[in-house]
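Chains as they are written, first to last, in my numbering: chain A, 152 to 401; chain B, 2 to 337.
Below is one structure, written out as structure tokens; comments come after it.
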């Protein structure tokens with residue numbers, strides 16, 4: 152079966168600085184894969200390359216078998232890719248339901264429709280209502296995103312990407328900035344994601360990573376240090392060294 | 002999915018979408034215009050100028066206030082519309098409504114040609130590119146090779162405009178021009194309302210807030226912005242065309258940077274992103290300019306500068322924003 156996502160020997164340089172070196176990674180359909188590593192390891196750069204916000208200097212990226220290496224970000228979304236950002240990326244002056252509604256608009260290609268009332272489009276309103284209800288965000292529907300606390304913004308961003316019904320989801324530090332209770336709610340939500348959805352998550356919260364991921368890739372200084380199951384990674388002394396600080400990786 | 006969602010949830014979600022549709026409040030400016038006609042007969046020409054500038058400010062509000070397109074070159078559309086309407090009257094037909102439609106088409110085409118070039122940028126680069134386009138068009142209109150078409154520094158004059166609907170002659174006192182301008186304002190306002198109320202309207206507000214996230218939702222941001230630029234350009238060209246038809250004169254000043262700056266000041270005074278701000282701001286600007294110039298023909302810009310400073314200091318969201326805030330506070334107090 153074709154992998155949901157296949158990253159093959161991808162490198163990225165900014166001038167003389169190589170931030171990713173020959174990274175090879177594949178996610179089978181339905182995978183829960185974590186990407187961990189110290190700050191500056193090149194994790195977000197890799198997610199930017201997969202989502203199309205950065206072009207790799209070398210290597211290829213395939214989404215469900217389709218070469219997307221040179222493809223524009225919006226076309227990758229059309230092929231079933233969605234992502235969240237390290238710092239929530241939403242529409243602050245719009246309400247929660249308008250944020251989610253925008254995702255439904257994009258999914259059904261309604262964003263180019265110059266006539267008709269947005270509030271009367273069943274694809275947008277009903278879809279947003281169902282999703283917000285499912286994520287217990289309905290009471291916030293009319294609140295401006297700018298007025299929400301950070302934890303709730305995180306959930307709204309996840310609602311936004313779920314509205315796209317992606318096949319592959321990239322989560323860039325979804326638990327960053329969340330309180331302990333909010334992290335628990337986030338984990339519950341991630342564990343309830345559809346089985347067919349492939350998830351690549353970057354995260355520093357190891358308890359969340361160990362409960363969510365089936366496989367883990369450790370990235371250090373732009374290179375893959377090791378890859379394995381949760382048990383293998385937990386037992387690896389090199390990974391322990393990095394996270395306990397006995398090796399200095401800046 | 003929709004069949005399984007309970008109606009209460011749908012109603013809650015629907016209520017969460019901001020309302021941008023028509024309301025009874027929208028009749029207020031037109032009621033004011035009617036009162037001016039009935040009781041301010043001396044000011045019909047000034048009222049007509051106010052309405053031309055309202056259309057221009059509405060078109061800029063659509064691009065800047067809703068789409069986040071920072072433009073200092075919106076006059077390019079106004080000027081192209083003015084020249085199009087003038088040339089149409091001289092060489093094709095003097096019928097005013099088809100002349101305005103021709104102007105709108107030229108405005109949209111200008112947006113379609115220049116939009117893909119300038120709208121890939123943001124911020125200061127975008128501001129400077131829009132300004133460059135307008136300046137180039139003004140230089141082009143003034144070029145000696147273009148003089149047989151544009152009239153060069155002399156501009157276009159001496160063309161006639163046929164009676165409106167074949168019946169209403171454009172009279173010396175400006176009655177027909179006033180009603181004509183009011184009708185065009187109504188149509189343009191309705192178009193703006195329809196655009197901002199549509200799914201496309203929500204998408205452009207999303208682009209204004211966060212273009213990267215819009216791309217990551219699968220939206221072709223540049224294509225949407227170009228569409229908005231064309232619509233806004235067509236409406237600005239209508240303002241230019243209307244000005245040409247009513248004054249029966251098109252000069253290089255219809256492509257001058259000053260008009261872009263004036264429209265921006267109107268939006269700062271009235272407030273952006275509400276459409277009402279364009280109406281209020283244009284009215285304040287034109288009336289204030291006229292009164293100040295009547296008092297001191299040499300230093301009247303001082304009054305505009307002073308009012309602008311006061312607006313930025315005490316009403317940074319514009320007069321409409323100030324009123325909306327006061328209204329919200331009053332409602333909150335009543336609820337408490």
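For each residue, glycine too, the CB sits at the ideal point set by N, CA and C.
- For residue 198 (chain A), which residues from the same chain have a beta carbon less than 7 Å from its beta carbon, with the 5 sequence-adjacent residues on both sides left out? 234, 321, 323 and 353
- Message: Can you tell me which residues form a DSSP beta bridge with residue 378 (chain A)?
- Response: A:368
- Query: What does a CB cutoff of less than 8 Å around residue 27 (chain B) pick up in its chain, not counting 5 residues either side in sequence?
  - Reply: 190 and 194
- Task: Measure how close the beta-carbons of residue 22 (chain B) and residue 292 (chain A) come, nearest whole angstrom, since I'm counting them as under 8 Å.
- Result: No, residue 22 (chain B) and residue 292 (chain A) are not in contact; Cβ-Cβ is about 19 Å, not under 8 Å.
- residue 218 (chain B) versus chain A: which residues are under 9 Å apart at the beta carbon? 225, 228, 233, 253, 254, 256, 257, 258, 262, 311, 312, 314 and 315
- Query: Using a beta-carbon distance below 9 Å, is residue 401 (chain A) in contact with chain B?
  - Reply: Model confidence at residue 401 (chain A) stands at a pLDDT of 40, short of 50, so the residue's coordinates are unreliable and nothing is read from them.
- Using a C-beta to C-beta distance shorter than 7 Å, which residues of chain A count as neighbours of residue 221 (chain B)? 225
- Could you round the C-beta distance between residue 329 (chain A) and residue 305 (chain A) to whole angstroms and report it? I think they count as a contact, below 8 Å. 6 Å
- Integer-rounded CB distance, given that residue 360 (chain A) should sit under 8 Å from residue 350 (chain A): Contact doesn't hold; Cβ gap of about 12 Å is too wide.
- Query: What is the DSSP secondary structure of residue 218 (chain A), reduced to helix, strand or coil?
  - Reply: strand
- Item | Integer Cβ distance of residue 208 (chain B) from residue 196 (chain B), believed to fall under 8 Å | Not quite, the Cβ-Cβ distance comes to about 14 Å (not below 8 Å), so this is no contact.
- Residues that DSSP places opposite residue 323 (chain A) in a beta bridge: A:353
- Query: Would you report the Cα separation of residue 390 (chain A) and residue 169 (chain A), rounded to the nearest angstrom?
  - Reply: 22 Å
- First and last residue of the uninterrupted beta strand (DSSP E) at residue 131 (chain A): With chain A covering 152 to 401 only, the question about residue 131 (chain A) has no answer from this structure.
- Which of helix, strand or coil does DSSP assign to residue 173 (chain A)? strand
- Message: For a test of the three-state rule: what should DSSP assign to residue 205 (chain A), helix, strand or coil?
- Response: coil
- Task: To the nearest angstrom, report how far apart residue 123 (chain B) and residue 67 (chain B) are at their CA atoms.
- Result: 15 Å
- Near-chain A residues of the stretch 16-28 of chain B (beta-carbon distance less than 9 Å), N- to C-terminal order: 16, 17, 18, 19, 20, 21 and 22
- Message: Using a Cβ-Cβ distance cut-off of 9 Å, determine whether residue 293 (chain A) contacts chain B.
- Response: yes
- Message: Relative to the C-alpha of residue 261 (chain A), which candidate in B:225, B:107 and B:56 has its C-alpha closest?
- Response: B:225
- Which chain A residues sit within Cβ distance under 7 Å of residue 122 (chain B)? The premise fails here: residue 122 (chain B) is roughly 17 Å from chain A at the closest Cβ pair, so nothing lies under 7 Å.
- Message: Between which two residues does the beta strand (DSSP E) holding residue 232 (chain A) run?
- Response: 232-234
- Task: Check the Cβ-Cβ distances between residue 79 (chain B) and every residue of chain A, and say whether any is below 9 Å.
- Result: no
- Query: Using the beta-carbon of each residue, which ones in chain A are nearer than 8 Å to residue 199 (chain B)?
  - Reply: 264, 265, 266, 267, 268 and 269
- What span of residues does the alpha helix (DSSP H) with residue 324 (chain B) cover, start to end? 319-336
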